[in-house]
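First up is the structure itself, then whatever we jot down about it.
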Amino acid sequence: MTEALARSAPALDRGVLDLAARAMSCALRQPGAALRPRTLSVIDFSRPSTEPRLWVFDLERPGLLFEEWVAHGRNTGGNMATAFSNRSGSYMSSLGGFQTQETYVGANGYSLRLRGLEPGFNDLARERAIVIHGAPYVNPLVAGTQGRLGRSLGCPAVRPAVARELIDSISDGSFMFAYFPDEEWLEKSALLADDCGTLQQAMAASAARPREQGAEYLFQEMALPD
């Protein structure tokens, strides 16, 4: 199947697609996995924000559904992403594998919640209100004049014109993979480990760790772009 996906998206680096497929396969093998991946979404944050760097693939009829621009967090970088975080209030994007969850209507309109599957790298995504939503600052025409796409508070925001259709195509249990050649993440990612069976223990340890007090307020989405 990966070959068919690669042929449908020649602009996507094949190595990144292979990592995404590997991570999804690992996540699916975990006991009690809630993934029901009809689609695979891949973000390549090593590419400039002025270029399309989000690909959504149909896994039931292998092929490309979307090739889109996507924002990164304001503290993740300018046109090029340079830094990532799992910390609340960092206003940075997070790396790794995510499970898409439910849709809702919030401050940024129709949105999609995400559950981070990688302890230490993105497992606070839901508490941080890292969601997919449409945003007017995701405008490739403006990006061409100002030298970068508008930035979020950490969310992978997309163009309003495609937001609802894209969200509906990937909601409720599909897999999303956000890539950057970050050495620590590539070395320590449970989803990319040779023996991904260790992920269950890592997730259990993460669940036992106390959460930041008052993190739920982040669902109010103080999403002011710059």
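According to our numbering, the sequence shown is numbered sequentially starting from 2. Cβ coordinates follow ideal geometry from the N, Cα and C atoms, glycine included.
Cβ-based neighbour list, residue i, same chain, cut-off 8 Å, excluding 5 preceding and 5 following
i: D19; result: T3
i: R15; result: A7
i: V163; result: F67, E69 and G135
i: V159; result: L55, E69, W70, V71, A72, I133, H134, G135, A136, V139 and L167
Residue i - containing alpha helix (DSSP H), residue span
i: A24; result: R15 to L29
i: V163; result: P161 to I171
i: A5; result: T3 to S9
i: L187; result: E184 to K189
Boundaries (first-last residue) of the beta strand (DSSP E) holding residue i
i: A179; result: F176 to Y180
i: E69; result: G64 to E69
Neighbourhood of residue i by C-beta, 7 Å cutoff - its chain only, sequence neighbours within 5 removed
i: P226; result: Note on P226: pLDDT 41, under 50, position unreliable in the model; the coordinate value appears next. Around P226: A136, Y138, G151, R152 and S153.
i: L65; result: S9, A10, W56 and F58
i: W186; result: L96, G97 and F122
i: N80; result: P49, S50, T51, G148 and R149
Residues bridged to residue i (per DSSP)
i: D59; result: T40 and G64
i: Q100; result: R116 and F176
i: G78; result: A82
i: S153; result: G74
i: D196; result: In the DSSP output, where bridge partners are listed per residue, D196 has none listed.
Proximal residues to residue i (C-beta, below 6 Å), its chain only, five neighbours per side dropped
i: R116; result: Q100, Q102 and R127
i: L13; result: W56
Nearest-angstrom Cβ-Cβ length linking residue i and residue j, presumed shorter than 8 Å
i: F176; j: P63; result: At roughly 14 Å, the Cβ-Cβ gap does not stay under 8 Å, so F176 and P63 are not in contact.
i: L118; j: L192; result: 6 Å
Notebook entry, point to check: Mind pulling the beta strand (DSSP E) runs of 3 or more residues that sit fully within the stretch 106 to 140?
Noted result: 110 to 117 and 132 to 134
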